[in-house]
Amino acid sequence: MEELKYQISKYFSEVLNRLGAAAVSDPSAAAAFAALNRQCTPIPAENNVLECEFDDPLGAKKFMITPRLVRQYKNRCLLLSTSCCFSYCRFCFRRSFTGKTASFVSDEEIRQVTEWLSSHDEIQEILISGGDPLTAPDGELKKLFTELRKARPDILIRLGTRAPVFAPERFTPELISLMKRFKPLWVIPHVNHPAEISEKWSPESYKCLFNIVDSGVPAQSQTVLLRGINDSVPVLAELFENLVKLGVKPGYLFQGDLAKGTGHFRVPLDEGVKLYSALKKELSGLSLPVYAVDLPGGGGKVNIPATRFVRDGDNWKYTDASGKSWYYPV
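In our numbering, the protein residues as written are 310 to 639.
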């Protein structure tokens, strides 16, 4: 198996150092340090590849329109703008793509995307992801946003990023001004643990999210359910409540995808259902995200729990509306 690149951003290293220094006398800091460090530090368990794991766990290759554009759903599409990230998360479901090349989407690739969008009015949203699109300079982002707006003035841009956690300094006044110019645009920050957006341990990240929302740019988060990191009701409740207080709507809590070498991060689906049921009793509707899984092999995103999930041997079987069955391991 090709290894995922090892890289931790300067800022995230500083947060880990703060937690590590406090961990000697503060058990809560020690727990937070372990949770954050586990996300970015390689361990030998990554070499354990299970039969159920894939290079392309979501089946994205089936839905490629161009080498950069994925259309799996009727009204929205995904642009893989870059393979670069500020830090490389060890649970990454695009680990076969992430970190492989430094190039941002080229002028020719943008042309291919915008030509296709111009003739597909049914597409109402485009998620710009990667990698992390904010590893590109403002000039490259401006060029991309400008061409998208020329092709489709009405399309909603969703900017998927881990920068508020890994590189909050990236959100300069100039970048926030740029995002405001190209509304409708939402920032979709990926946040997994309350220590990542803590006034005490990561005040720069806290302030970053505050500034985004305060500027008038809406934000909705996404979180991955991760064993040994956030697989408890108190941790998730604190995370989602803190996000709402910052004005960020918790969007999705994702069940782990079947990427190669990530089995040690995945919480069994039945345990996740129990955890989510308990979480629902602790949070308001405003603070509660949708618990969802991307069905392996291209089945798409479905909410959990769902009546179509039944136990079938060593798998959970989901039968979609067309009668096709999809499987997620127990």
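Every residue gets a Cβ at the ideal spot worked out from N, C-alpha and C, and that includes glycine. Keep in mind it's a predicted model, so treat the numbers as computed, not measured.
Close beta carbons around residue i, own chain, < 8 Å, minus the five adjacent residues each side
{"i": "E547", "result": "P503"}
{"i": "N612", "result": "V599, Y600, A601"}
{"i": "E431", "result": "K383, N384"}
Beta-carbon contacts of residue i that lie in its chain and below 6 Å, excluding the five residues immediately before and after
{"i": "T423", "result": "E456, A460"}
{"i": "S642", "result": "This structure does not reach residue 642, given that the chain is present from 310 up to 639, and the question cannot be answered."}
{"i": "L344", "result": "Note that residue 344 corresponds to Ala in the displayed sequence, not to Leu. Once the five neighbours on either side are set aside, the close Cβ partners of A344 are H502, I538."}
{"i": "G608", "result": "W635"}
{"i": "I480", "result": "The sequence shown places Phe at residue 480, rather than the Ile named in the question. Excluding residues within five positions, the ones whose Cβ falls inside 6 Å are C517."}
{"i": "L552", "result": "S530, P559"}
{"i": "Y515", "result": "I506, E508"}
{"i": "R617", "result": "Y627, T628"}
N- and C-terminal bounds of the alpha helix (DSSP H) containing residue i
{"i": "Q348", "result": "336 to 349"}
{"i": "V333", "result": "Per DSSP, V333 belongs to no alpha helix (DSSP H) and is neither H nor E."}
{"i": "K590", "result": "578 to 591"}
{"i": "D621", "result": "It is not in any alpha helix (DSSP H) - D621 instead sits in the beta strand (DSSP E) that spans 618 to 621."}
{"i": "D416", "result": "416 to 427"}
Residue(s) in a DSSP beta bridge with residue i
{"i": "G609", "result": "L604"}
{"i": "I432", "result": "DSSP output for I432 lists no bridge partner at all."}
{"i": "S634", "result": "T628"}
{"i": "A528", "result": "V496"}
{"i": "P559", "result": "S530"}
{"i": "A568", "result": "F363"}
{"i": "S438", "result": "L389"}
{"i": "V599", "result": "Y561"}
Sequence-distant residues of the same chain with beta carbon closer than 7 Å to residue i, five excluded per side
{"i": "R347", "result": "G537, I538"}
{"i": "P366", "result": "F402, D566, L567, A568, P605"}
{"i": "F413", "result": "S390, T391, A445, E449"}
{"i": "E355", "result": "R399, G570"}
{"i": "V526", "result": "I485, M488, K489, L494, V496"}
{"i": "F519", "result": "L555"}
{"i": "L534", "result": "D540, L562, F563, Q564, G565, V576, G581"}
{"i": "P316", "result": "Position check: residue 316 holds Gln in this sequence, whereas Pro was assumed. These residues qualify, in order along the chain: S396, Y397."}
Continuous beta strand (DSSP E) stretch holding residue i: start and end
{"i": "N539", "result": "First-last for N539: undefined, no H or E at that position."}
{"i": "Y315", "result": "Where Y315 is concerned, there is no enclosing beta strand (DSSP E), given that its DSSP letter is neither H nor E."}
Cβ distance (whole Å) where residue i is taken to contact residue j below 8 Å
{"i": "S390", "j": "P442", "result": "4 Å"}
{"i": "L387", "j": "L436", "result": "5 Å"}
{"i": "P498", "j": "A476", "result": "No, P498 and A476 are not in contact; Cβ-Cβ is about 12 Å, not under 8 Å."}
{"i": "I466", "j": "Q433", "result": "No, I466 and Q433 are not in contact; Cβ-Cβ is about 11 Å, not under 8 Å."}
{"i": "W625", "j": "L584", "result": "W625 to L584, Cβ: 16 Å. No contact."}
{"i": "L595", "j": "L545", "result": "About 15 Å; that fails the 8 Å criterion."}
{"i": "P543", "j": "V582", "result": "At roughly 18 Å, the Cβ-Cβ gap does not stay under 8 Å, so P543 and V582 are not in contact."}
{"i": "F395", "j": "R471", "result": "7 Å"}
{"i": "L313", "j": "T407", "result": "7 Å"}
{"i": "P638", "j": "D623", "result": "6 Å"}
Report task. Kindly provide the ranges of any beta strand (DSSP E) runs that are 3 or more residues long and lie completely inside the segment 456 to 516, ordered along the chain. Result -> 465 to 470, 494 to 498
Report task. At 3 residues or longer, and completely inside the segment 349 to 406: list those beta strand (DSSP E) runs for me, N to C. Result -> Qualifying beta strand (DSSP E) stretches, in chain order: 378 to 382, 385 to 389.
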